[in-house]
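Data first, discussion second: the structure below is written as structure tokens.
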Amino acid sequence: HAVNPRRRDDARAAVVVVDLDGFKEINDSLGHAAGDELLVELSRRLEEALRVTDTVARLGGDEFGALLAQVGSREDVLHAVQRMRDAIEAPVALHGLSLSLEASIGIALYPEDGEDVQTLLRCADAAMYHAKEEKSGWAFYDADVIRHGAPRVTLMGELRRALDQRELVLYYQPKAILTDGTVHAVEALLRWQHPQRGLVGPDEFIPMAQQTGLIKPLTQYVIDEALRQCRAWIQGGLTLAIAVNLSARSLVDGEFPVQVAGLLDRWGVSPALLEFEITESAMLTDPGRTRLILERLSEMGIRLSIDDFGTGYSSLAYLKRLPVNEIKVDRSFVMNMDQDEDDATIVKSTIDLGRNLGLDVVAEGVENEQVWDRLRALGCTAAQGYYLSRPVPAAELGSWMLERRALR
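For reference, each letter of the sequence shown is one residue, going 5 to 412 in our numbering.
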């Protein structure tokens with residue numbers, strides 16, 4: 005059906021269906037009595053999270069329903085849904101354990117999705133399954149999306165399988181110190197070795213994973229695999245720091261630093277050999293929370309780098325307050341700086357700024373010797389790009405490094 009945006013925004017009520025993810029496992033391992041205790045606690049929390057004019061009821065099993073009365077706009081509904089999610093995701097102390105749950109939430113709006121409770125419940129239920137399938141946390145009912153979202157849902161299903169089957173591989177692009185050309189670090193870049201489609205680049209699947217819960221296991225996978233490789237290189241006599249790109253999701257996930265510490269322990273790698281690259285826009289999703297998490301990572305001894313610097317909106321005051329070690333000048337300025345004086349000026353200013361703040365400055369997208377030499381003359385710390393090497397699989401990088409050592 006056609007949706008009138010104005011009517012969408014004047015929605016007078018919303019029906020919300022909440023399905024708990026992971027409840028079955030808790031029920032199976034701790035028993036039904038513990039499961040019931042948990043449901044009672046969550047029911048109490050959901051009532052507290054909503055207004056007195058709203059109604060919460062258990063729909064059976066691990067599902068709750070809520071009727072939100074007199075909501076002015078979709079934003080009001082989303083605020084309520086976010087409060088419900090926070091209530092569910094806050095740890096619950098049960099039988100001496102601290103349990104964390106997540107939920108998939110579907111939302112249907114009155115009057116446009118339906119004019120009676122049964123229709124609205126059915127629509128909210130369909131939206132909930134869509135949210136669960138996409139691992140997006142929540143979804144508004146949208147007949148077109150639920151009907152036409154199949155290819156996207158299929159790709160997400162395949163990506164989940166690829167994680168389990170370890171079809172995702174890391175390629176590594178070297179970074180070299182500009183003064184003497186020493187390769188000291190690599191950036192880990194994810195590729196998907198798809199059984200039918202061949203090598204799929206991250207542009208095709210990372211944005212989709214970021215909109216869903218899949219980015220979390222994907223990030224864990226990349227860090228785990230990068231540290232495993234780092235360990236293998238060390239055992240082969242090659243010590244290289246590895247940089248991993250982080251999404252905005254990781255920067256607001258309170259458990260993330262603990263999980264990283266666990267992975268460092270698992271592979272016995274020094275935190276000084278791990279670096280996280282964060283874009284300016286990711287840092288601005290929730291600046292307060294991001295800063296806390298970055299501080300915890302920095303205290304662990306992990307290096308932090310701001311990726312694509314100059315393309316986002318971070319204020320310099322904010323940059324000064326963050327525990328970052330490095331900024332990376334975006335390739336869009338670096339690539340043509342030998343021909344475009346404006347680009348060269350921007351790069352020079354960024355290098356000066358970084359050095360004045362005591363930060364290392366890395367240039368991305370270096371494709372020829374002229375740019376390499378100019379960056380070195382400007383005092384840039386390090387560089388990466390096709391002039392040095394394209395991203396290559398781990399085995400190829402090892403032999404490339406040995407060859408390079410022999411040449412120098």
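Idealized CB from N, CA, C, for every residue including glycine.
Would you report the Cα separation of residue i and residue j, rounded to the nearest angstrom?
i: K136; j: F27; result: 14 angstroms
i: E191; j: Y176; result: 5 angstroms
i: E171; j: W196; result: 6 angstroms
i: A37; j: V19; result: 29 angstroms
i: E299; j: D120; result: 50 angstroms
i: S33; j: L46; result: 18 angstroms
i: N360; j: I306; result: 22 angstroms
i: G69; j: D129; result: 10 angstroms
i: V75; j: L203; result: 47 angstroms
i: G64; j: Q86; result: 22 angstroms
i: D346; j: L244; result: 34 angstroms
i: G402; j: G185; result: 17 angstroms
Taking C-beta to C-beta, are residue i and residue j nearer than 7 angstroms?
i: A17; j: A94; result: no
i: L277; j: C234; result: yes
i: A107; j: I92; result: yes
i: V370; j: A387; result: yes
i: G118; j: C127; result: yes
i: L308; j: N329; result: yes
i: L320; j: I355; result: no
i: L42; j: L98; result: yes
i: R253; j: I219; result: yes
i: A286; j: V333; result: no
Relative to the C-alpha of residue i, which residue among the options is closest?
i: K324; options: M304, R295 and A230; result: R295
i: A247; options: D290, E279, E79 and W142; result: E279
i: A66; options: D58, E52 and V44; result: The residue you asked about is not Ala; residue 66 is Asp in the sequence shown. The candidate whose alpha carbon is nearest that of D66 is V44.
i: G272; options: R293, K139 and Q239; result: Q239
i: L326; options: G362, E29 and I355; result: G362
i: P397; options: E229, F260, L382 and M88; result: E229
i: T183; options: R380, V56 and N31; result: R380
i: M405; options: L242, L255 and T349; result: L242
i: A84; options: V187, R378 and I109; result: I109
i: S274; options: P261, D257 and L231; result: L231
i: L268; options: T289, E259 and M304; result: M304
- Message: Three or more C-beta pairs under 8 angstroms: does that hold for the stretch 367-379 against the stretch 340-352?
- Response: yes
- Taking only runs of the alpha helix (DSSP H) that begin and end inside the stretch 341-374, which ones reach a length of at least 4 residues, in chain order? 345-360
- Query: Taking contact to mean at least 3 C-beta pairs separated by less than 8 angstroms, is the stretch 306-313 in contact with the stretch 225-233?
  - Reply: no
- Does the count of Cβ pairs from the stretch 165-179 and the stretch 124-133 closer than 8 angstroms reach three? no
- Starting from the N-terminal side, write out each stretch of the beta strand (DSSP E) that is 3 residues or longer and does not extend beyond the stretch 195-226. 202-204
- Task: Determine contact between the stretch 170-190 and the stretch 388-398, defined as no fewer than three beta-carbon pairs at a distance below 8 angstroms.
- Result: yes
- Count the C-beta pairs between the stretch 280-290 and the stretch 241-261 that are closer than 8 angstroms, then say yes if the count reaches three, no if not. yes
- Give, in chain order, every unbroken run of the alpha helix (DSSP H) that is at least 4 residues long and sits entirely within the stretch 247-333. 252-255, 260-271, 284-287, 291-303 and 320-325
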